[in-house]
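S.K.: Numbering (my numbering), first residue to last: 2 to 155.
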């Protein structure tokens, strides 16, 4: 966790199974319905793009994305709670966008909980637009929650 140290330099590196013991507590702290270790292992086995943002050997955040024919679908993006509200989500989104363009993608797609207004605002500030709704997409404490579908033209 962030001990109050200043982050002077952050770097991206590929998520590997060796990082999962450090990643899972962040995933569990960040979400009421976190991904499981198996979800991450399945993503790695499928060859999805999975990147970590690390500074001073502390895990700041990560994303997992799936490449399609001419699009990329963001499956998970997380900033460790200790590093939230410091602009790191934008850094992760920039990296995702650069990688996606390099893959020849024309579009980026994602779903976000309707109740997650902060994330929706970050995505909108990054150029994403709400284009649809997926009913009962996410598990929720009281059943299921709808998701906003958002996209970004690259």
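Here a beta-carbon is modelled for each residue, glycine too, at the ideal position from N, C-alpha and C.
1) Give the single residue among 155, 41, 28 and 31 whose Cα lies nearest to the Cα of residue 15.
2) Could you tell me if residue 118 is buried or exposed, where buried requires 16 or more neighbouring beta carbons within 10 angstroms of its beta carbon?
3) Just to confirm before moving on: does the CB-CB distance between residue 156 and residue 27 stay below 8 Å?
4) Per DSSP, what kind of secondary structure is residue 52 in: helix, strand or coil?
5) Only counting the same chain, and skipping five residues up and downstream in sequence, which positions put a Cβ closer than 8 Å to that of residue 146?
6) Between residue 36 and the rest of its own chain, which residues show a CB-CB distance below 7 Å, the 5 nearest in sequence each way excluded?
M.R.: Put simply:
1) Answer by Cα proximity: 41.
2) exposed
3) Limits of the chain in this structure are 2 at one end and 155 at the other, which puts residue 156 out of reach.
4) Of the three classes helix, strand and coil, the one that applies to residue 52 here is strand, per DSSP.
5) Cβ within range, chain order: 114, 115, 116, 137, 138, 139 and 140.
6) The beta carbon of residue 36 is closer than 7 Å to those of 28 and 77 in its chain, skipping five residues each way along the sequence.
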